[in-house]
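Residue 409 in numbering that gives the first Met the number 0 is what sits at position 410 of the sequence shown, and the numbering runs on without skipping anything.
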Amino acid sequence: MAAPGENLRINGERLWDSLMEMAKIGPGVAGGNNRQTLTDEDAEGRALFQKWCEAAGMTMGVDTMGNMFFRREGADPDALPVYVGSHLDTQPTGGKFDGVLGVLGALEVVRSLNDLDIKTKHPIVVTNWSNEEGTRFAPAMLASGVFAGIHEQDWAYSREDAKGKTFGAELERIGWKGDEDVGARKMHAFFELHIEQGPILEAEGKDIGVVTHGQGLSWTQVTITGKEAHTGSTPMPMRRNAGLGMARVLELVDEIAWSHKPDAVGAAGHIDIYPNSRNVIPGKAVFTVDFRSPDLSVIEDMEARMKAGAKKICDEMELEVAFEKTGGFDPVEFDETCVSAIRNAAERLGYSHRNIISGAGHDACWINRVAPTAMVMCPCVDGLSHNEAEEISREWASAGADVLFHAVVETAEIVE
Ligand code: HGY
Ligand code: MN
Ligand code: MN
């Protein structure tokens, strides 16, 4: 397939302006974003994205999970489209670029194709996946997971946030429940641009990460039950302290992850303690253990050791413990042809690059189950993400979008 000429580039200034414009919606308290899925802020961001895509001549489709698809016609209307996108929802203390760079980078690809009046054989579809973060409604990558047939839609609709609101009800409430059958769309390929969310590319002075694999993820929700009692008048031997039990389990989680260094990681980001009162011994602790590794057998080992160890800790402390698997996916190997399109694009454009395994989960990890898929990454400052101080340079944003542009156009086949 003819590749675009090395001088074909996106409009970096327009991309940066769109990122800064979107960042005004659902602002955080420290310069980042709090645009959680299915909130009014998410709805506002979706509307702005729809306006921009329709102004670029694309037609919108929305499926029953609220996934948004904007189609640019190809010379062959029957050819399967090349899909490109990511997610607009953010963490509660999220950055301006996690997910958003991939969605607005995809829009920039189409805007640049329009500027250059380039026609492609395959249609191109710009995509925003609902609820990639899984922070308000677990698990992460929920809607792309339903699209790929991993989760049932009814189960996804039943997922509840901390206030007991369900995904299905909130999707209706914000008016973004579409009528397309989720997963009915077939793809020629899917590409996702994303910030690395880790330190490797910046540390090595590389512009581009060619993502060959994604590490696997396991989320286990642990509930430890003890007995609420007075922190002052209850003798130490009589206490059944669920908070202390959680602390010992979290120490164990850290130890287990370190035992598989350097690739495995483990922590708990979600922690609820009850009744969370200064002078009451915690009667219940609910927390989610997040284990990740590129090696499935390591993930399984970490999960099993954590459960056995937590059971032993709780037995010794006369506490009850229960486990619920609330998310997970096996390590992912992306499509070699799509990965090569990204590597060749970086080479052609003169960007330094290296192969990389994605530390974070992405919608591409699920879409890889139903279509040839690959990702391109750009560095982020200090490797920081899921933090309002998340930062990238304009140059990194442009480099990532240039490579995305070339990989998408090559795969969609330019029509002379
Ligand atoms: O959890 C993840 O890896 C992604 O950021 N949702
Ligand atoms: Mn993301
Ligand atoms: Mn994220």
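A virtual CB, placed ideally from N, CA and C, is assigned to each residue, including glycine.
Residues in its own chain within less than 7 Å of residue i by CB, not counting five upstream and five downstream?
i	result
Met-57	Phe-69, Arg-70, Arg-71, Val-109 and Val-125
Lys-95	Leu-18, Ala-22, Gly-31, Asn-32 and Glu-389
Tyr-156	Thr-165, Phe-166 and Gly-167
Phe-55	Note that residue 55 corresponds to Ala in the displayed sequence, not to Phe. Contacts found: Leu-106, Val-109, Arg-110 and Asn-113.
Leu-79	His-121, Lys-185, Met-186 and His-187
Given that a residue counts as buried once 16 or more other Cβ atoms are within 10 Å of its Cβ, and exposed if not, what is residue i?
i	result
Asn-278	exposed
His-121	buried
Arg-135	buried
Pro-234	exposed
Ala-449	This structure cannot settle anything about residue 449, because the visible part of the chain is limited to 0 through 415.
Glu-132	buried
Ile-123	buried
Arg-184	buried
Glu-409	buried
Asn-354	exposed
Trp-365	buried
Lys-438	Lying before the first or after the last residue shown, residue 438 is absent from the chain, which here runs from 0 to 415.
Met-305	buried
Arg-342	buried
Arg-393	exposed
Trp-51	buried
Ser-276	exposed
Thr-336	exposed
Going straight from the alpha carbon of residue i to that of residue j, what length do you get?
i	j	result
Gly-423	Pro-378	Only positions 0 to 415 of the chain appear in the structure, and residue 423 is not among them; the question remains open.
His-86	Glu-315	44 Å
Ser-111	Gly-101	15 Å
Gly-167	Arg-158	8 Å
Ala-2	Ile-413	8 Å
Trp-15	Trp-175	26 Å
His-187	Leu-200	29 Å
Val-248	Ile-312	7 Å
Trp-416	Glu-299	Any answer about residue 416 is impossible in this case: the structure gives the chain only from 0 up to 415.
Asp-381	Gly-208	15 Å
Glu-203	Phe-48	34 Å
Asp-262	Glu-191	23 Å
Gly-231	Glu-20	53 Å
Gly-265	Leu-295	14 Å
Ala-267	Glu-53	41 Å
Tyr-350	Gly-4	14 Å
Gly-11	Gly-104	9 Å
Asp-253	Ser-384	20 Å
Gly-163	Ala-309	28 Å
Pro-293	Pro-330	5 Å
Asp-271	Ala-139	19 Å
Ala-340	Ala-370	15 Å
Glu-302	Ala-256	10 Å
Ile-173	Asp-41	9 Å
Glu-43	Val-145	24 Å
Output needed for residue i: all residues of its chain with C-beta closer than 6 Å, excluding positions within five of it in sequence on either side, in chain order.
i	result
Ala-142	Met-64, Asn-66, Trp-128, Ser-129 and Asn-130
Thr-222	Val-285 and Ala-321
Asp-62	Gly-177, Glu-179 and Val-181
Leu-216	Arg-291, Gly-327, Phe-328 and Gly-360
Trp-395	Cys-377 and Pro-378
Val-407	Val-81, Val-83, Val-108 and Phe-190
Lys-283	Thr-224, Ala-241 and Tyr-273
His-259	Val-297
Go ahead and pull the three-state DSSP assignment for residue i.
i	result
Cys-377	strand
Phe-146	helix
Arg-291	strand
Val-285	strand
Tyr-350	coil
Gly-327	strand
Phe-166	helix
Ser-217	strand
Thr-336	helix
Phe-68	strand
Ala-246	helix
Gly-25	coil
Asn-275	coil
Gly-98	coil
Asn-33	coil
Gly-419	A query on residue 419 cannot be resolved here, the shown segment of the chain reaching from 0 to 415 and no further.
Gly-4	coil
Met-59	strand
Glu-409	helix
Phe-404	helix
Val-297	helix
Ile-270	strand
Asn-127	strand
Please return the same chain residues whose Cβ sits closer than 8 Å to the Cβ of residue i, not counting the five positions on each side in sequence.
i	result
Phe-333	Val-210, Thr-211, His-212, Gly-213, Ala-363, Asn-367, Thr-372, Ala-373 and Met-374
Ala-74	Lys-118, Thr-119, Lys-120 and Val-414
*Using the beta carbon as the reference atom, which residues fall closer than 5 Å to any heavy atom of ligand 2, ordered along the chain?*
Matched residues: Asp-97 and Gly-98.
*Pocket of ligand 1 (residues with CB nearer than 6 Å to any heavy atom), chain order*: Those residues whose C-beta sits under 6 Å from the nearest heavy atom of ligand 1 are, from N- to C-terminal order along the chain, Glu-131, Glu-132, Gly-133, Ala-139, Ala-359 and Gly-360.
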